[in-house]
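To keep things clear, I will list the structure first and then write my remarks on it.
There are 2 protein chains.
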Amino acid sequence: MEFKVKLLGIRAGGKQIIVIDDEYASRMGIHSSDRVTIEFKNKKIIAITNVAKDFPKKTIGIYEEVQEKLKVTEGETVKVQAAERPESLGHIREKINGRKLRQEEIKSIILDVVERHLSDVELASFVTSLHIRGTSIDEVEGLTKAMIETGKTIDFGKSPILDKHSVGGVPGDKTTILVVPIVAAAGFTIPKTSSRAITSPAGTADRVEVLCPVDLNFEEMREAVKKTNACLAWGGALDLAPADDLLIQVEYPLSIDPLLLPSILSKKKAIGAQYLVVDIPTGRGSKIKTIGEAQALAQDFIELGKRLDIHIQCGVTFGEQPVGYAIGPALEAREALLAVMNKGPIDLVNKACSLAGLLFEMMGIENGEQKAKKIIQSGKAEKKLREIIAVQGGNPKVQPEDIELGKEVAEARSKESGRVQWINNRYIAQIARAAGAPKSNGAGVLLNKKLGDKVEVGDVLYRIYSGNKQKLNVAVRLSEKLETFGVTGKFGEKMLVDRIPTEKVSYEKPFVLER
Amino acid sequence: MEFKVKLLGIRAGGKQIIVIDDEYASRMGIHSSDRVTIEFKNKKIIAITNVAKDFPKKTIGIYEEVQEKLKVTEGETVKVQAAERPESLGHIREKINGRKLRQEEIKSIILDVVERHLSDVELASFVTSLHIRGTSIDEVEGLTKAMIETGKTIDFGKSPILDKHSVGGVPGDKTTILVVPIVAAAGFTIPKTSSRAITSPAGTADRVEVLCPVDLNFEEMREAVKKTNACLAWGGALDLAPADDLLIQVEYPLSIDPLLLPSILSKKKAIGAQYLVVDIPTGRGSKIKTIGEAQALAQDFIELGKRLDIHIQCGVTFGEQPVGYAIGPALEAREALLAVMNKGPIDLVNKACSLAGLLFEMMGIENGEQKAKKIIQSGKAEKKLREIIAVQGGNPKVQPEDIELGKEVAEARSKESGRVQWINNRYIAQIARAAGAPKSNGAGVLLNKKLGDKVEVGDVLYRIYSGNKQKLNVAVRLSEKLETFGVTGKFGEKMLVDRIPTEKVSYEKPFVLER
Chain L
0 MEFKVKLLGI
10 RAGGKQIIVI
20 DDEYASRMGI
30 HSSDRVTIEF
40 KNKKIIAITN
50 VAKDFPKKTI
60 GIYEEVQEKL
70 KVTEGETVKV
80 QAAERPESLG
90 HIREKINGRK
100 LRQEEIKSII
110 LDVVERHLSD
120 VELASFVTSL
130 HIRGTSIDEV
140 EGLTKAMIET
150 GKTIDFGKSP
160 ILDKHSVGGV
170 PGDKTTILVV
180 PIVAAAGFTI
190 PKTSSRAITS
200 PAGTADRVEV
210 LCPVDLNFEE
220 MREAVKKTNA
230 CLAWGGALDL
240 APADDLLIQV
250 EYPLSIDPLL
260 LPSILSKKKA
270 IGAQYLVVDI
280 PTGRGSKIKT
290 IGEAQALAQD
300 FIELGKRLDI
310 HIQCGVTFGE
320 QPVGYAIGPA
330 LEAREALLAV
340 MNKGPIDLVN
350 KACSLAGLLF
360 EMMGIENGEQ
370 KAKKIIQSGK
380 AEKKLREIIA
390 VQGGNPKVQP
400 EDIELGKEVA
410 EARSKESGRV
420 QWINNRYIAQ
430 IARAAGAPKS
440 NGAGVLLNKK
450 LGDKVEVGDV
460 LYRIYSGNKQ
470 KLNVAVRLSE
480 KLETFGVTGK
490 FGEKMLVDRI
500 PTEKVSYEKP
510 FVLER
Chain P
0 MEFKVKLLGI
10 RAGGKQIIVI
20 DDEYASRMGI
30 HSSDRVTIEF
40 KNKKIIAITN
50 VAKDFPKKTI
60 GIYEEVQEKL
70 KVTEGETVKV
80 QAAERPESLG
90 HIREKINGRK
100 LRQEEIKSII
110 LDVVERHLSD
120 VELASFVTSL
130 HIRGTSIDEV
140 EGLTKAMIET
150 GKTIDFGKSP
160 ILDKHSVGGV
170 PGDKTTILVV
180 PIVAAAGFTI
190 PKTSSRAITS
200 PAGTADRVEV
210 LCPVDLNFEE
220 MREAVKKTNA
230 CLAWGGALDL
240 APADDLLIQV
250 EYPLSIDPLL
260 LPSILSKKKA
270 IGAQYLVVDI
280 PTGRGSKIKT
290 IGEAQALAQD
300 FIELGKRLDI
310 HIQCGVTFGE
320 QPVGYAIGPA
330 LEAREALLAV
340 MNKGPIDLVN
350 KACSLAGLLF
360 EMMGIENGEQ
370 KAKKIIQSGK
380 AEKKLREIIA
390 VQGGNPKVQP
400 EDIELGKEVA
410 EARSKESGRV
420 QWINNRYIAQ
430 IARAAGAPKS
440 NGAGVLLNKK
450 LGDKVEVGDV
460 LYRIYSGNKQ
470 KLNVAVRLSE
480 KLETFGVTGK
490 FGEKMLVDRI
500 PTEKVSYEKP
510 FVLER
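Chains L and P supply the protein sequences, listed in that same order. The first sequence begins at 0 in numbering that gives the first Met the number 0 and counts up one residue at a time. The second sequence begins at 0 in numbering that gives the first Met the number 0 and counts up one residue at a time.
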């Protein structure tokens, strides 16, 4: 049936959506969320229908995404037809009903995700059923491969390619900024891509951006890797696994993360990684709570690595407090720079060197951690980081004191004396975000005490940094409300751990979707 | 933060959606699908955010639904803030993770459904988890009560109120058009509301509309019931259980129906039903395949009825072929009128009388089915139906031959001889829809043979009616392709029932969402 085009002049967040009136929709047997094909000249695309009451008859309302594909203008005539339900929808339904999917079925789903043939309702149902039904290792493999095949890949013309990844969940984890120059300084190639924060106070891309631009394209990445053996790039705009980026958009509001493994490994494979060390921070207040969980996840990583031809080693790391003292992009960049200059906090240096060491051992080098430490102590890691900063367009001479922090600072002091028995990672992250991180990059939290430290009443536990008085106040109020630090004489003396109120309160763990 | 209003001038299908640019969204910590509160003068509403790239900065794009609630005009300033995640979302997440929900948790979800505080992604995930995790009878009760409490109810000032419902799935099921006048003619009150077809060739409202208007408001329903003890109204615009209407919009594209019981019984309770007979058509080609399934469903109906103070009896009926011979609104209205005039097909009359009989027996009348038959034979049922037609604004003198059928007719003839061993309900429905039903109300299929009938090669099996030559041709081509009738000498002689092709073909059972 022919329809006259009405340009709506707005974007639909990347979705291919059109609007038609209910009368004609009904005549064509089209319901809301049904797919239609739209033909204009030689172009034919599939879009998802919104049926609207009171919309002009025989008129098709077109969002900008559709307009760009069809190159149609206001008032022109297009041919609209009900499209067949995509085959992938049948496979999604089978997954809902508990059947394991075969590789080509998964491929057809992921292809339709990337082509925007599936509606939000269908995507949400798919990720919900993946979460509830679980995914077999075969399905995980299929999902990963499909995500790679539907995205771009990059060949650096070097071998072997090393890489490092953290499953995330611990604030202040700037380890990557050390691992990459250590590994590259040893002569290995490590083209690292990272993400920005979604729900955390800083992602690695946010941290590195304090030192140099991270928004590299493929050519710039290749150039950086050619000159320095490494890069510290933001992976978000590279289209390495676009299906994952689209699925995250429905996972995030639902607070579920059934695609953790495919999401991570598809992006690693896309940049050609052959040797990968995966950091699994573990413990209370971390994404992974127990060593048992960490081991199960590590087994999945290793098995999936075999199927993808990536050698994987997993490091289970202590995740019960922030890494180092700094949380927030600029604070963390400064701390990382200090650490690479051999002036860093011991836990950060140990973590970076043990992970770099695992990579070295995979390459046949003995005592990897010792080698990594020597690379820091010798100044080679610092030199390499400055090379990377330079090639990405930053100031290679940057000093820690050059990095600007938020001008507004408040102190949180202890009301008790004893030792720091626990630090609530989540609350620290919330306070840093309230202060403005990651958007306002000078904002964040700088710890003054860590686990096991002695504390007197009135001692500063941490300082809150913000670029803006108002945000600082919000963060301070939050800090006063939350039990961020546990300070007592002896751990375990305070016996009442929690009290469940009779009145139900809405107490919900914030969802962390950082990989 | 203050934003300038840009009216988008289009509807979002009832959803409360706004659009803001990515930069300011990010500054406010708002992601796509997050909720915001919008304040304007004394009004404050919650809407769901679409984050758009290239949208004017500090501008809020407003769909008509939001505009109507806020009464805001172009260029005015509104205050936008990130809203807290509704508590109901935590409950949805608990359901995703397999916990049974308590009554007040369900209430908070259904309230947020009706208030439009939940996005499509969240609704889709909720119905998917209901489908996968299942619902306990307590949850079904909670869902039903919440749907009633969030909708309108109607009091007819009469008692007892009787009602009849079919879970659907069999084409040509015009039984309601007989049951209602039979019951009302016996002096009982039966204010029947019905739905239109969603995926079938005709719903009861579509059939009745051939005889008289069905789009009654509460006042008109009360008037009809006062005068005739009955009505045959379309329930869709009465807002009896608006949550159900909204949830169907996501169930339909997913082809899942986890809310069957709450959907049906909330609407019955809303009109005050106290005695209800539920028809469960059962058999191959029907929604419910086996007597065992039918019994389990019946038990749920009866138990839920007890909790809602509705006396329920269930009738399991033969569902392996269409009811009567006619499929399609006008064809069925004609057949129903003939049947109520005592000239109808025996299966239709038997079905209607046995269901009406169950209601009579619930009211303490013995031999209910016999009584129902006498009401037809005596002409009282016809008289009552004509009263109902008159009070709803139709022509009470309408004769079967007055009802206009599609002018274009084609015949489907048998290529084999023997007896009719099976009729494929689904294919019959598809052909009727291809011919134009239910929109074009004269379109449909009129069977000439039914199960057990003797057939010679060349005999007419059924006729296809359409208002339009082109649609007729589509229906005929479909009819030639589908094995609609099984004609063989002896059932079971043809041993090869199906052949699974080596090449996978997309073969998917169409989803029926008719209640």
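Don't be surprised by glycine CBs; every beta carbon is placed ideally from N, CA and C.
Residues of chain P with a CB under 8 Å from the CB of residue i: which are they?
i      : result
L:Q80  : What L:Q80 touches in chain P: nothing, since even the nearest Cβ is about 13 Å away.
L:T134 : Ordered by position in chain P, no residue passes the 8 Å Cβ test against L:T134, which lies about 14 Å from the chain.
L:I95  : T127, H130, I131, L253 and I255
Going along chain P in order, which residues have a C-beta closer than 7 Å to the C-beta of residue i?
i     : result
L:V50 : G12
L:R92 : S254
Write down the C-beta distance between residue i and residue j rounded to the nearest angstrom, noting that I regard them as a contact closer than 8 Å.
i      : j      : result
P:V77  : P:V4   : 6 Å
P:Q273 : P:S165 : In fact, because the Cβ distance is near 19 Å, the residues do not count as touching under 8 Å.
L:V408 : L:Y464 : 6 Å
P:K191 : P:L231 : 6 Å
P:A11  : P:Y62  : 4 Å
P:I95  : L:I255 : 7 Å
P:F359 : P:I422 : Between P:I422 and P:F359 the Cβ distance is about 31 Å, and since that is not below 8 Å, they are no contact.
Leaving out the 5 sequence neighbours to the left and right, which residues in its chain are closer than 7 Å to residue i when beta-carbon positions are compared?
i      : result
L:P200 : P170, I326, G327, A428, A431, R432, A436, P437 and G443
L:A81  : M27, G28, I29, D33 and V35
P:S31  : T48, N49 and V50
L:R221 : F155
P:L354 : K163, T174, V178, V276, D278 and G314
Tell me which same chain residues have a C-beta within less than 8 Å of the C-beta of residue i, skipping the five on either side of it?
i      : result
P:D452 : R418 and V419
P:S505 : At P:S505 the pLDDT is 48, less than 50, meaning the model places this residue with poor confidence; the figure from the coordinates comes in the next sentence. For P:S505, where only same-chain residues beyond five positions count, there are no Cβ hits under 8 Å.
L:I59  : F2, K3, V4, K5, I17, V18, I19, I37, V77 and V79
P:K42  : K68, L69 and K70
P:H90  : L100, E104, I105, S107 and I108
L:S439 : G405, S465, G466, N467 and K470
P:E302 : I136
L:G356 : N366, G367, E368, Q369, K370 and A371
Quick one: what's got a C-beta closer than 6 Å to residue i's C-beta in the same chain, skipping five residues either side?
i      : result
P:A242 : I109, V112, V113, M146 and T149
P:W233 : A204, V213 and D214
L:F125 : I91
DSSP has residue i in a bridge; who is on the other side?
i      : result
L:A325 : L:L445
P:V4   : P:I59
P:A295 : Paired residue(s): none; P:A295 is not in a bridge.
P:Q80  : P:T36
P:E410 : P:R462
L:L231 : L:K191
L:Y23  : L:Y23 pairs with nothing; no bridge assigned.
P:H310 : P:Y274
L:I364 : Paired residue(s): none; L:I364 is not in a bridge.
P:P170 : Answer by DSSP bridge pairing: none, since P:P170 is not bridged.
P:K42  : P:F39
In chain L, what lies closer than 7 Å to residue i by C-beta?
i      : result
P:F252 : Note that residue 252 of chain P is Pro in the sequence shown here, rather than Phe. Near P:P252 (Cβ distances below 7 Å), the residues of chain L are S32, S118, V120 and E121.
P:V18  : I9
P:R26  : K438
Going along chain L, which residues have a C-beta under 9 Å from residue i?
i      : result
P:F54  : I9 and R10
P:Q391 : What P:Q391 touches in chain L: nothing, since even the nearest Cβ is about 23 Å away.
Output, in chain order, the set of chain C residues within a Cβ distance shorter than 7 Å of residue i.
i     : result
P:G60 : Looking for chain C here will not work: the only protein chains present are L and P.
What residues from the region 108-124 of chain L come within 8 Å of chain P, judged by C-beta to C-beta, listed N to C? S118, D119, V120, E121, L122, A123 and S124
Which residues, taken in chain order from the region 242-270 of chain P, show a beta carbon closer than 8 Å to some beta carbon of chain L? Q248, V249, Y251, P252, L253, S254 and I255
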